[in-house]
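A short worksheet on the structure shown next.
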Amino acid sequence: MSCFILEINALIYNFFMIETVKNTQHKILNFIGQIVWINAKITTENKRNLKKFKTFKLGYAFLIIFACLISFANLFVPAGENSSTAAKVVISSAQIPVFFIFVGDYVLHLMTYHLHYKKKNAFHTYLKFFISYYSIVAFLCILASINLISLFANINDIDKKVLDFFNALGMVRILRLLIVLQIFAPFAIIFRVFKDQSKVLINVFVLVIVLIVLFALVIWNAEVSHYNEQVNEFVNANLNGMSFEEAKVALQNHPDYPQFPSNSVSNFGNSLYFTTITLTTIGYGDFSPQSPTAKIIVIVISIVGIALIAIPSGVIAGSFLQQMQNKITQKQGEKHND
């Protein structure tokens, strides 16, 4: 009988110990989750704990900002034999702790995602994390550090091209930097504005892409047709008893044979580039229309571009002012309650 009671007591003790461990783990993960997730709200009402949470959260944000800024140091070392080997070694070595910071950042977010995205099915929870915007950005930040292999191993030309590709992914860390900057109120307001007006901005963006492609096709066709007309006129004026095709071949080396000007749109790629900088009202001047049709289209594109740019600018400015007004009203309400 006494043995049975002892076994019952042991089971009860183990049960409570397991529950205690689970509760402790949950508290630790909850603490970590509120720190690493920028948009996570701090749930504690204790002022002392609130200050501690904010300090850790700010410290973690500065750690990620520091890692992002250090990772951009590679941009200051030019490629080639003339670049300083010492500078390359120092900057590349500095990327080692950056790599571990980004790995740790990814793991901490993975461990605490079930608290951020509460769902009973664990498989769906972690699947949601792996395909989420943050997970993709964080994973690409880790891949960008694969070029560190070159510090410890000899690489051939093919491997170097692969490593250079992964190194180019370092630009993704700009997105990670933008995510963490949301901890500061001004940046949080800006991101909230873009999130609130995302539908309008996406619709305008899609419209711009469609217009660019359509106008690029029309300009390309107009420019090529204009060039072909010049060629046909020149060949017809110099047939000299030959057929059109024979004269066209024979006259190609003629000094007066029409040529595509270097600043004209001769292919779809150039047309796409020219249309984009015209629609966005940048206009570098490296390309210019030659045909009358293309010149008329450029005028239309410029007018449409001014109108289209005004739409997102007005939407963003109006929403930003509204967010600022809401922030001021909220602060005034908090002061009144105090």
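The sequence shown runs 562 to 899 under my numbering. No residue lacks a Cβ here, since even glycine has one placed at the ideal position from N, Cα and C. As the structure is a computational prediction, the values presented were derived from the model and not from experiment.
Beta-carbon contacts of residue i that lie in its chain and below 6 Å, excluding the five residues immediately before and after
{"i": "VAL774", "result": "none"}
{"i": "SER852", "result": "ALA783, GLU784 and HIS787"}
{"i": "SER832", "result": "ALA777, ILE780, TRP781 and VAL826"}
{"i": "ILE900", "result": "Outside the displayed range of the chain (562 to 899) lies residue 900, so it cannot be described from this structure."}
{"i": "ALA746", "result": "none"}
{"i": "HIS587", "result": "none"}
Cβ neighbours of residue i in the same chain (closer than 8 Å, five flanking residues each side left out)
{"i": "VAL859", "result": "ILE780, THR839 and PRO850"}
{"i": "ILE699", "result": "First, the amino acid is wrong: residue 699 is Ala here, not Ile. The answer, listed in chain order, is PHE663, ASP666, TYR667, HIS670 and ARG737."}
{"i": "GLN791", "result": "PRO819"}
{"i": "ILE626", "result": "LEU738, VAL741 and LEU742"}
Residue i (DSSP reduced to helix, strand or coil)
{"i": "GLN595", "result": "helix"}
{"i": "THR839", "result": "helix"}
{"i": "GLN813", "result": "coil"}
{"i": "ILE867", "result": "helix"}
{"i": "SER759", "result": "helix"}
{"i": "ALA628", "result": "helix"}
{"i": "GLN851", "result": "coil"}
{"i": "LEU800", "result": "coil"}
{"i": "GLN883", "result": "helix"}
{"i": "PHE821", "result": "coil"}
{"i": "PHE691", "result": "helix"}
{"i": "GLY665", "result": "helix"}
{"i": "ALA655", "result": "helix"}
{"i": "SER827", "result": "coil"}
{"i": "ALA601", "result": "coil"}
{"i": "GLY731", "result": "helix"}
Cβ shell of residue i (< 7 Å), same chain only, five flanking positions each side left out
{"i": "ALA811", "result": "MET803"}
{"i": "ALA855", "result": "ILE780, ALA783 and GLU784"}
Whole-number beta carbon distance between residue j and residue i, since they are thought to touch under 8 Å
{"i": "LEU705", "j": "VAL741", "result": "In the sequence as presented, Leu is not what sits at residue 705; that position holds Ala. With 8 Å as the limit, ALA705 and VAL741 do not qualify as a contact, their Cβ atoms being about 16 Å apart."}
{"i": "ASN600", "j": "GLN758", "result": "Actually they do not touch by this definition, with Cβ atoms about 18 Å apart."}
{"i": "VAL597", "j": "ILE631", "result": "About 19 Å separates the two Cβ atoms, so there is no contact after all."}
{"i": "PHE835", "j": "PHE848", "result": "4 Å"}
{"i": "VAL754", "j": "PHE881", "result": "5 Å"}
{"i": "GLY731", "j": "THR673", "result": "GLY731 to THR673, Cβ: 26 Å. No contact."}
{"i": "ILE657", "j": "ASN635", "result": "About 13 Å separates the two Cβ atoms, so there is no contact after all."}
{"i": "LEU724", "j": "ILE707", "result": "7 Å"}
{"i": "ILE870", "j": "THR842", "result": "7 Å"}
{"i": "GLU676", "j": "LEU590", "result": "Before going further, note that residue 676 is Leu rather than Glu in the sequence given. Contact flag correct, Cβ pair sits at about 6 Å."}
{"i": "LEU762", "j": "PRO873", "result": "6 Å"}
Inset, instruction - Could you say if the region 787-805 and the region 814-828 meet the contact criterion of at least three C-beta pairs nearer than 8 Å? - result: Between the region 787-805 and the region 814-828, the count of C-beta pairs closer than 8 Å reaches three or more; the two stretches touch.
Legend entry - Contact between the region 688-698 and the region 610-625 (3+ Cβ pairs under 8 Å): Output reads no: the region 610-625 does not touch the region 688-698.
Inset, instruction - Give a yes or no on contact between the region 744-753 and the region 874-894, applying the rule of three or more CB pairs nearer than 8 Å. - result: Contact between the region 744-753 and the region 874-894 is present, because at least three Cβ pairs lie under 8 Å.
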